[in-house]
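For reference, the structure discussed in these notes is given below.
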Amino acid sequence: MTETTTNDDPDASGGDPQEAIDAQGALRREELDDRIFDHNAGDEQEGIPFVGAGPGNPRLLTVAGKELLEEADLVVHAGSLVNSELLDEYCAHAELVNSVGKDLEELIPLMRDAYEDGDNVVRLHSGDPAIYGAALEQMDALEHEGVPTYFVPGVTSAFAASATLRTQLTLNEVSNHVAFTRPQGKTLTEEEDHISEFVGMGDVTSCIYLGTHAVRDTMERLLEDGHDPETPVGVIYHASWPDEDVIIGTVETIADKVEEAGYRASAMVVIGDAVTGAGYERSFLYGDWANRGSSGSSGETEASDD
């Protein structure tokens with residue numbers, strides 16, 4: 012396994028990524044990409060796949076992702092956000108490039124040139140590239156350079172956290188909705204942070220990404236807004252990794268517990284009654300309701316919670 016750290020070729024530059032992003036956005040407003048109708052998720056496609064590595068555990072990589080990595084000549088990965096065990100297991104034969112610290116002006120020509128040279132290139136994101144992955148800007152810049160791209164979904168950390176907590180993110184009469192969100196900071200302004208609104212709805216499980224450092228600030232704002240201090244909160248550090256840690260508390264107590272543990276990053280914060288899985292009602296899926304209208308062997312009835 013070869014790890015490449017820099018690209019020093021002065022002739023390897025491409026166009027302005029921002030211009031490419033703007034141009035692709037304009038095209039997208041005019042008409043939909045034909046590939047939307049030609050391919051399903053999981054299909055083999057032409058181009059550079061943007062693969063979700065999953066939350067950490069190599070076993071949570073999808074079959075499609077595994078196959079693509081095993082065939083890759085170049086893997087551009089998200090550094091320490093991707094478990095090194097996954098890289099060792101599936102990418103030992105490939106050239107590896109850590110994308111951390113590199114901008115689009117360096118990454119786009121690197122991937123473009125390798126692809127045009129006939130290499131199998133994989134862009135490996137942590138979790139699922141559709142969730143806080145900044146994948147589309149890379150894909151648009153590559154597409155503008157004539158390099159096709161596509162998504163390969165991954166298991167996002169909220170789902171790994173749910174599995175660790177041994178509960179569902181949605182539970183009948185407890186949580187009808189799930190919010191994937193992040194706290195205010197460099198990316199979001201105070202007005203764009205809707206965590207308090209989600210918690211205030213009562214039947215929402217709020218999954219906070221990129222917010223470990225802001226647990227105390229977030230909980231203090233929830234208390235200031237009058238939310239129940241006993242609302243359950245789970246903080247799952249490195250969900251599915253070997254050093255995974257689980258901290259359970261409430262809006263009132265969780266900040267002290269997280270600070271005592273010393274975590275400032277890499278944890279999923281889950282707020283809501285679904286954290287404990289208590290108080291839910293039996294669903295309609297597996298009762299008499301599910302069999303209404305059934306005529307024995309003459310057909311199947313599709314059960315739904317709706």
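Its first residue numbered 12, the sequence shown is counted upward by one per residue in this note's numbering.
Built from N, CA and C at the ideal position, the CB exists for glycine as well.
All figures in this text were calculated on a predicted structure; none of them were measured in a lab.
Cβ pair residue i, residue j closer than 8 Å
| i | j | result |
| --- | --- | --- |
| R134 | V62 | yes |
| S196 | A169 | Reading off the sequence shown, one finds Gly at residue 196, where the question assumed Ser. It is not a contact, given that the beta carbons lie outside the stated cut-off. |
| H238 | V215 | no |
| V246 | V280 | yes |
| S207 | R232 | yes |
| V111 | D139 | no |
| A125 | H136 | no |
| V163 | I59 | no |
| V185 | G290 | yes |
| V132 | L85 | yes |
| T261 | E292 | no |
Where the alpha helix (DSSP H) through residue i begins and ends
| i | result |
| --- | --- |
| P243 | Where P243 is concerned, there is no enclosing alpha helix (DSSP H), although the beta strand (DSSP E) it sits in stretches over P243 to Y248. |
| G76 | V74 to E81 |
| S207 | I206 to M212 |
| P120 | L115 to E127 |
| V62 | Run containing V62: none in the alpha helix (DSSP H); it sits in the beta strand (DSSP E), I59 to G63. |
| L135 | Segment V132 to H136 is the beta strand (DSSP E) holding L135; no alpha helix (DSSP H) there. |
| V269 | I265 to A272 |
Assigned secondary structure, residue i (DSSP; H/G/I helix, E/B strand, else coil)
| i | result |
| --- | --- |
| I142 | coil |
| E106 | strand |
| S186 | strand |
| T198 | coil |
| T160 | strand |
| T223 | helix |
| A278 | strand |
| F295 | coil |
| G251 | Note on identity: in this sequence residue 251 is Ser, with Gly being the wrong assignment. Correct three-state label for S251: coil. |
| V215 | strand |
| T287 | coil |
| T181 | coil |
| T167 | coil |
| T16 | Caution is warranted here: a pLDDT of 42 is assigned to T16, below 50, making its placement in the model unreliable, and the coordinate value is therefore given only provisionally. Coil at T16, not helix or strand. |
Cutoff 8 Å: residue i Cβ touching any chain C Cβ
| i | result |
| --- | --- |
| E81 | The structure shown contains no chain C, having only a single protein chain. |
The beta strand (DSSP E) enclosing residue i, as first and last residue numbers
| i | result |
| --- | --- |
| L233 | Segment V226 to E235 is the alpha helix (DSSP H) holding L233; no beta strand (DSSP E) there. |
| G260 | D256 to T261 |
| V87 | L85 to H88 |
Of the listed residues the options, nearest to residue i (C-alpha basis)
| i | options | result |
| --- | --- | --- |
| I265 | V244, D284, A250 and H249 | V244 |
| G144 | E116, V262, L121 and F191 | F191 |
| M150 | G76, G129 and R123 | R123 |
| I67 | G90, D45 and F48 | Residue identity differs from the one stated: residue 67 is Gly in this sequence, not Ile. Nearest option by C-alpha distance: G90. |
| E30 | L153, I259, M212 and N183 | L153 |
| A174 | G288, E270 and L118 | G288 |
| Y220 | N94, N131 and P194 | P194 |
| E106 | E263, E81, G211 and G36 | E81 |
| T178 | G211, D284 and V108 | D284 |
| V286 | L180, D128, D44 and A34 | L180 |
| N109 | E117, H88, R227 and L121 | H88 |
| D254 | I32, A278, E263 and D236 | A278 |
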